[in-house]
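**Q**
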Amino acid sequence: MRVRFQADADLNQLIVRAVLRLNAEIDFQTAHAANFARLDDLAVLALAAEQGRVLVSHDRRTMPGHFGRFILDRQSPGLLIVSRKHPIARIAEDLLLIWTASSPDEWINRIRSLPL
């Protein structure tokens, strides 16, 4: 089984497109497709967890704290916090590497910043 990604409403959608250009087989759902508009962080984390998707976000300010509270009593497929300062191509390559070289169980309840 491969890692599945979920973009939150905060993520630059060009990243999703760049990842899918690198490999169209990657399961990377947009925030729009998941109906994440106007949901708070805990609701987004819960929906991503229900679907077994690693959440990908630019939100360094609030998401890590909400993630920490979320995993106190629930399991999360993981959280990737993406820097806005790095080229989209670099972030897309890192997400491709994660998809290629890791399994979903390696990301459970883990938070990681990108680029790697």
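Going by numbering that gives the first Met the number 0, the sequence shown opens with residue 0, and the numbers climb by one from there.
Note that the Cβ used here is the ideal one computed from N, Cα and C, for glycine as well.
#1: Comparing C-alpha positions only, which one of Trp98, Ile14, Ala48 and Lys84 sits nearest to Pro76?
#2: Measuring CB to CB, does Val43 end up less than 7 Å from Asp7?
#3: Cα-Cα, which of Val81, Glu24, Phe27 and Thr29 is closest to Leu113?
#4: Tell me the DSSP secondary structure of Gln12 in three-state form.
#5: For the beta strand (DSSP E) that contains Ile110, what are its first and last residues?
**A** Walking through what the data contain:
#1: Minimum Cα distance to Pro76 is reached at Ala48.
#2: Their beta carbons are under 7 Å apart, which means Val43 touches Asp7 by this criterion.
#3: Measuring from the Cα of Leu113, the nearest candidate turns out to be Val81.
#4: Gln12 falls in the helix class under three-state DSSP.
#5: Run containing Ile110: Ile110 to Leu113, per the beta strand (DSSP E) assignment.
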